[in-house]
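A short write-up of the structure that comes next.
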Amino acid sequence: MSSESIGTRDVIEAFGLEGVVFFPYAEGESSPLSVRASSFLSRVGVPNDYFFISRGGPEEDGDAVEEEESVYVGSWAADEDFSFDVPEECKSWLIVGHFPCAAAALNPADDHIYAFSYDGDGKPILIHRDLESLVRSLITLKYFCEEREENEDLAPEELRTRVDSFDRLPFSDEASEWNRMYEEIVDGIF
1 MSSESIGTRD VIEAFGLEGV VFFPYAEGES SPLSVRASSF LSRVGVPNDY
51 FFISRGGPEE DGDAVEEEES VYVGSWAADE DFSFDVPEEC KSWLIVGHFP
101 CAAAALNPAD DHIYAFSYDG DGKPILIHRD LESLVRSLIT LKYFCEEREE
151 NEDLAPEELR TRVDSFDRLP FSDEASEWNR MYEEIVDGIF
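Quick note on the UniProt record's numbering: the sequence shown kicks off at 1 and runs consecutively.
Now the structure itself:
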């Protein structure tokens, strides 16, 4: 993977054709998304595998989703019946997918990606500067885990170094889902 922009080919090479979810392109006044974010979601897509389950991803058994999945942070938090409330300004953010212990949401005002921990307090944690950084980080994680299966001596710190080379946000907050996954890699359970 080069340092150039991420493309559909990069995501498919890492996750396979069935491991990419594309979102419909939305433009104009009907969409809260920026043209850049909408274009990225429809052109490049978002990975869907056991590292990150895309909001629009298929059910594990391949059946269609019976209930419509929550699209916005506010309805997602209400549907999940969490013991916390999300801030009012976050309720209209788009859920793009789920990490093992957190939902990832796109703030359409600035295209930043935030995490909402399932066991947190409802406050968003900034984890990526944009969708491209999220996808690049997920590709980096996937390749790192594959390399680590081949070479057990590959230090977990190498993952942080690789991700930090293009975005320092994923590991900048101690409560970040990226730090949680990193600790599980260090402990040998991820």
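C-beta atoms are modelled at their ideal positions from N, C-alpha and C, and glycine is treated no differently. Please read all numbers here as calculations on a predicted model, not as lab measurements.
Pull up the DSSP beta-bridge partners for residue i, would you.
i, result
"V46", "V21"
"S54", "G97"
"L126", "Y114"
"Y72", "L94"
So residue i is in the beta strand (DSSP E); what residue range does that whole segment cover?
i, result
"S117", "I113 to S117"
"A103", "A102 to L106"
"L94", "L94 to H98"
"L33", "Neither: L33 is in no beta strand (DSSP E) and is coded neither H nor E."
Assign residue i to one of two classes, buried (16 or more other C-beta atoms within 10 Å of its C-beta) or exposed (fewer than that).
i, result
"E174", "exposed"
"L17", "exposed"
"A64", "Per-residue confidence for A64 stands at a pLDDT of 40, beneath the threshold of 50, marking its modelled position as unreliable; the derived number appears in the next sentence. Counting Cβ neighbours within 10 Å, A64 comes out exposed, since fewer than 16 surround it."
"F84", "exposed"
"D130", "buried"
"A37", "buried"
"V35", "exposed"
"E149", "exposed"
"residue 193", "Residue numbering for the chain in the displayed model covers 1 to 190; residue 193 lies beyond these limits and cannot be assessed."
"E177", "buried"
"P24", "exposed"
"E183", "exposed"
"S165", "exposed"
"S5", "exposed"
"E132", "buried"
"A155", "exposed"
"E67", "Caution is warranted here: a pLDDT of 45 is assigned to E67, below 50, making its placement in the model unreliable, and the coordinate value is therefore given only provisionally. With fewer than 16 other Cβ atoms within 10 Å, it is exposed."
"V186", "exposed"
Pull up the distance between the alpha-carbon of residue i and that of residue j, whole angstroms please.
i, j, result
"D111", "L126", "11 Å"
"D167", "V44", "19 Å"
"S31", "F40", "14 Å"
"R160", "E147", "14 Å"
"D153", "D49", "25 Å"
"residue 192", "G7", "Beyond the ends of the chain as shown, which are 1 and 190, falls residue 192; an answer cannot be given."
"I139", "E88", "32 Å"
"A26", "L106", "15 Å"
"I151", "F144", "In the sequence as displayed, the identity of residue 151 is Asn instead of Ile. Spanning the two alpha carbons is a distance of roughly 10 Å."
"P170", "I53", "17 Å"
"F99", "F116", "10 Å"
"D10", "P47", "10 Å"
"F190", "L141", "11 Å"
Could you give the first and the last residue of the continuous alpha helix (DSSP H) run that contains residue i?
i, result
"I6", "Run containing I6: none; DSSP gives neither H nor E here."
"I189", "Segment: none, I189 is in no alpha helix (DSSP H) and carries neither H nor E."
"L154", "Per DSSP, L154 belongs to no alpha helix (DSSP H) and is neither H nor E."
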